[in-house]
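Here the protein sequences come in this chain order: E and H. With the first letter of the first sequence counted as 1, position 69 gets the number 69 in the UniProt record's numbering; the numbers rise by one all the way through. With the first letter of the second sequence counted as 1, position 26 gets the number 26 in the UniProt record's numbering; the numbers rise by one all the way through. All C-beta atoms, glycine included, are put in the ideal place defined by N, C-alpha and C. Report on one structure; see the data block that follows.
Number of protein chains: 2
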Amino acid sequence: MLVGWKPDRESDIPLHYQISRHIRNKITCGDWPVGTKIPSQRWLADEFGVNRSTIVMALDELTADGLLHGNRGGGTVVTGLCDHPGSPPPPDWISYVNSGVQSSNIPTVQEINRAEFRPDVIRLGTGELAPELLPQEAMRTVLQALSSETMPLGYAEPKGSASLRQFISQHVETYGIRAAPSSILIVSGALQALHLISIGLLHRGSTIFLEKPSYLYSIPIFHSAGMKLTGIPMDRHGIQAALIPKYRKQYNGALLYTIPSFHNPTGTVMSRERREQLMQVCHYEGLPLIEDDVYRDLWIDEPSPLPLKAADSSGIVLYLGSLSKTVSPGLRIGWIIGPEPVVDRLADIKMQTDYGASSLSQAVVEKWLSSGLYQQHMENLRQQLRHRRTIAVKALEQFLGDYADWEVPKGGFYIWVRLKRELPLKALFAAALKAGILLNPGHLYEGENNRHIRISYAFASLEDLETGIFRLSVLIKDMSNHFETNKSEE
Amino acid sequence: MLVGWKPDRESDIPLHYQISRHIRNKITCGDWPVGTKIPSQRWLADEFGVNRSTIVMALDELTADGLLHGNRGGGTVVTGLCDHPGSPPPPDWISYVNSGVQSSNIPTVQEINRAEFRPDVIRLGTGELAPELLPQEAMRTVLQALSSETMPLGYAEPKGSASLRQFISQHVETYGIRAAPSSILIVSGALQALHLISIGLLHRGSTIFLEKPSYLYSIPIFHSAGMKLTGIPMDRHGIQAALIPKYRKQYNGALLYTIPSFHNPTGTVMSRERREQLMQVCHYEGLPLIEDDVYRDLWIDEPSPLPLKAADSSGIVLYLGSLSKTVSPGLRIGWIIGPEPVVDRLADIKMQTDYGASSLSQAVVEKWLSSGLYQQHMENLRQQLRHRRTIAVKALEQFLGDYADWEVPKGGFYIWVRLKRELPLKALFAAALKAGILLNPGHLYEGENNRHIRISYAFASLEDLETGIFRLSVLIKDMSNHFETNKSEE
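Given below as structure tokens:
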């Protein structure tokens, strides 16, 4: 919250006074309105590079002046402005913050989002490519090429750049999807696709079917739009399609969300037979699907079966693709493929919310797809992911073999590690963070799941992967033994 | 809808048969589900490069087969799939499209969005820089420079790139705003800022105060989130701040949205005195403001008075800035400055909806702000806008002087042309479009306004500006005379 400022150690003014003055300014200029929770003493001490006792002195002074109020344990809160007696109170921003329609991210996710930017943390759960896997060299080539061309600097068409849609049309044809450019909408990543679908196609109170567990449980996007998620169990072939008619009768789902290839978080690849069955059932039920296929090109052992969309003869599937997992999340480019009236509607909504994706990013993606760089990069990336998977699996076997099991995924980023006994995962998450390891615990993907951890071999360095899994194993062993002991003492 | 396909004139197969087969495929593969309105015969004929009679033959065949149904005047609609007897009907996408939470763009805006991509149209209303005003050369320099650096290809921090926020902090300080990088959120343009505010800070049923007329009336963003807009009249100094307490009592507004500098659509610059009064009133009322300041740097005669945010001692103002109007809309980069808890909340929501703005665009904007290119470009741009304004005003005086009046704006893009008599603007809009001119009529900015047209001197070429205003004047004269005649005949 205070990034960029440090007290001046050369100054004659005492450090604690410099700090209290800085915070006082934050409060009186309205940056920290009444009700703001200020960061912990420990965090402030780290941030300003001073002893905790200096922070305590500064905060005590502000508390004495009536600007702060400290609750035991509950943190310190901004309470008022001492120096404007008689003037009306500032707007109660905290009540505004609390009254918005959109839910906050779930607390564990917020904590993960914050902790990701701590340099000392080993990110064992992060579902994105490591910096060293990102194609710096190729991107330089692309920018170099673009810098000698006329750039699209204006707004793009509502559906996105026509020439990029043409290339995406050709790209998806390589795995059997026939889509005219007019059936394609460029979006700022697959997450935005889901946001547009949630506010563009469904009414409040709708039910979404999905795999259980699913990545979708970790984001409040449908929940914020007033919709319910109903999970359908999976087996090793994917979502149990045979159960859908029963669920449909009971919950009247409006849409089914599925990740058939390298499922997040389980890594499962839906078999060809299951895909056929799923399409038949959904066709019969008149139940549209969202096929989230952003991991498709990240196969390691062999390509997945063709997408559901490739067998979609009646326009029942909305297909989501993206370059975020394969080339660069920073580009923020993905696509939705679906029936034209649906794509037109979603394009209209996208125009209302952000006037379209970055033209620059679109031009870069077009170069990637049209130049052959994408295929080259993917071949190389697959090699690297294969190696990383080997290292991760080896470390798991060595350190966690007695406490957990897992399927080795055939691609994607994730190993869905199943603990042999339940553990309180929220406590494990907290303990791990303290030990410098950032985890994605099972309850992000399935309420009350105290049994699984999603390990990603895509992000942490090879060394960190080993160290992280080792440290994690120590924590798991301790916790397991602790429970064992407690149990035997009972 | 059919972009990219044309019948093959070399083929032995008759053209009308090729066309009916193409449309049949569209329908049977689900691209055009039941209920889809297909484009007009005229449009199809243009698109396929055939006579209208060929289209009629193709559609007749499809109608006879039960795939299409033509309503007189109401267009032709997809009705069914003849060739899957007994199979269950596909999902009713049209009902999904109609049941989304988010409203559609208002029809005139949808029509404008579509017509903007017709090459033959003179865009007299478009509020963006003409292609020839976009800084191609400087952008090439920036890309060239970036191509020799390490690119930020991963996800950025929730609030956006830390270094870009540092430069924005310095940039806004040049007009008196003191904002720590932690109080700044990078967004994909000011429109997205409004979207985030609408779903992040307000509950359904809230009332937003705003100038009347206002750009905000032309976008359904607050309406979709269940909020009401209540307009407060303007005079030549800006919004009539003295009326706010009365409005507050009557409507209990939660937030006031204002464009104090080069107001959209009127071009008004709020005077210094009015700014002070507005801040006092809002401070006293505890009424937070959104200050939309995206036109600030587009002054022509002299800079505007300092922003409201510069005098904001209690954190009452959420400030919006952007490079879309000045450098390139295609970058999709803007910012929100406000109290930290508000910015934190909006950052969390942005993460939920699209995981942040394009890192590439952020890197480009950083280069613009840090290299001095921005200031150079703005100086040049001001010269060009001054010249364009002169040409537009001259053409207005020459062709419309007897029928309308206007204030010459001191900056921004817009001349708010007031007709001396009311005219049915929807009819004028339609007639103008037929004559190849795209207008932004007053009713976009104020319901029932039949008196104003927003002319932009930023987009059309100099020649088109003159031709467009001339053609418009002919239409206005005809329409005025027509009404005059009708009146005298009564």
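So that I know if they touch, is there some Cβ in chain E lying closer than 8 Å to that of F262 (chain H)? Contact with chain E is absent for F262 (chain H), since none of that chain's Cβ atoms lies less than 8 Å from the residue's Cβ.
Under 7 Å from any heavy atom of the ligand GDP, does the C-beta of T150 (chain H) make it? Among the components of this structure there are no ligands whatsoever, and the ligand GDP is therefore not found.
Buried or exposed: where does L243 (chain H) fall if 16 or more other Cβ atoms within 10 Å of its Cβ makes it buried? exposed
Thinking T76 (chain H) and L59 (chain H) are a contact (beta carbons under 8 Å), I'd like their distance in whole angstroms, please. 6 Å
Is the Cβ-Cβ distance between R236 (chain H) and S261 (chain H) less than 8 Å? no
By alpha-carbon positions, which one of E:L308, E:Q384 and E:N450 ends up nearest to P135 (chain E)? E:Q384
So the beta strand (DSSP E) I186 (chain H) belongs to, where does it begin and stop? Taken as a continuous stretch (DSSP letters only), the beta strand (DSSP E) holding I186 (chain H) covers I184 to V187.
Rounded separation between C82 (chain H) and W43 (chain H) - CA only: Note that C82 (chain H) has pLDDT 46, beneath the 50 cutoff, so the model's placement of it is unreliable and the number below is only indicative. C82 (chain H) and W43 (chain H): Cα-Cα distance of roughly 25 Å.
Mapping the DSSP letters down to three states, classify E211 (chain E) as helix, strand or coil. strand
Alpha helix (DSSP H) containing W368 (chain E): first to last residue? S359 to S371
If P329 (chain E) and G154 (chain H) are in contact, beta carbons under 8 Å, what's the gap, nearest whole angstrom? For a cut-off of 8 Å, the C-beta gap from P329 (chain E) to G154 (chain H) is around 6 Å, short enough to register as a contact.
Please confirm whether W299 (chain E) has its beta-carbon closer than 8 Å to some beta-carbon of chain H. False, the Cβ-Cβ gap to chain H never drops below 8 Å.
Leaving out the 5 sequence neighbours to the left and right, which residues in its chain are closer than 7 Å to G468 (chain E) when beta-carbon positions are compared? I122, L124, I437 and A460
CB contact below 8 Å: H195 (chain H) versus chain E: Answer yes: the Cβ-Cβ gap between H195 (chain H) and chain E drops below 8 Å somewhere.
Report the residue from H:N380, H:K477 and H:L62 whose alpha carbon sits nearest the alpha carbon of H16 (chain H). Sorting H:N380, H:K477 and H:L62 by C-alpha distance to the C-alpha of H16 (chain H) places H:L62 at the top.
Measure from the C-beta of A225 (chain E) to each C-beta in chain H and report whether the shortest distance is under 8 Å. Contact with chain H is found for A225 (chain E), since one of that chain's Cβ atoms lies less than 8 Å from the residue's Cβ.
For Y215 (chain E) and D405 (chain H), I'd like the C-alpha separation in whole angstroms. 59 Å
For a quick check, are the C-beta atoms of L360 (chain E) and S358 (chain H) less than 8 Å apart? yes
When burial is assigned at 16 or more other CB atoms within 10 Å of the CB, is S40 (chain H) buried or exposed? exposed
Going along chain H in order, which residues have a C-beta closer than 7 Å to the C-beta of S104 (chain E)? D348
With a CB to CB cut of under 8 Å and the five nearest residues on each side skipped, what residues in its chain are close to E285 (chain H)? I244, P245 and R248
Can you give the Cα-Cα distance for T108 (chain H) and R389 (chain H), rounded to whole angstroms? Those two C-alpha atoms are separated by around 26 Å.
By the three-class DSSP mapping on this structure, what secondary structure does L423 (chain H) have? coil
8 Å is my cut-off, CB to CB: does S314 (chain H) come that close to chain E? At least one chain E Cβ lies under 8 Å of S314 (chain H).
Taking only runs that begin and end inside the region 210-284 of chain H, name each unbroken beta strand (DSSP E) of 3 or more residues, in chain order. Within the region 210-284 of chain H, the complete beta strand (DSSP E) runs of at least 3 residues are 228-235 and 255-258.
What whole-angstrom Cβ distance do S314 (chain H) and G30 (chain E) have, given they're in contact under 8 Å? 5 Å
Can you tell me which of H:H387, H:A427 and H:L400 puts its alpha carbon nearest to the alpha carbon of K410 (chain H)? Distance check between K410 (chain H) and each of H:H387, H:A427 and H:L400 places H:H387 closest, using alpha-carbon atoms only.
For G288 (chain H) and L67 (chain E), I'd like the C-alpha separation in whole angstroms. Residue 288 (chain H) is actually Pro in this sequence, not Gly. C-alpha separation (whole angstroms): 21 Å.
Report the partner residues of W335 (chain E) according to the DSSP bridge assignment. E:I186 and E:G321
What does the alpha-carbon distance come out to for the pair N98 (chain H) and L201 (chain E)? 7 Å
Quick one: is K426 (chain H) buried, meaning 16 or more other Cβ sit within 10 Å of its Cβ, or exposed? exposed
Rounded straight-line distance, which links the Cα of F167 (chain E) to that of G176 (chain E): 14 Å
Proximity of I391 (chain H) and L465 (chain H) at Cβ, strictly below 8 Å: yes
Within chain E, the residues that L143 (chain H) reaches when beta carbons sit closer than 7 Å: In chain order: L143, L146 and S147.
Host beta strand (DSSP E) of I353 (chain E) (start-end): This sequence places Thr at residue 353 (chain E); Ile is not what is there. From DSSP, T353 (chain E) is part of no beta strand (DSSP E) but of the alpha helix (DSSP H) over E340 to D354.
Contact with chain H by L201 (chain E), beta-carbon distance below 8 Å: Chain H, which has a Cβ nearer than 8 Å to the Cβ of L201 (chain E), makes this yes.
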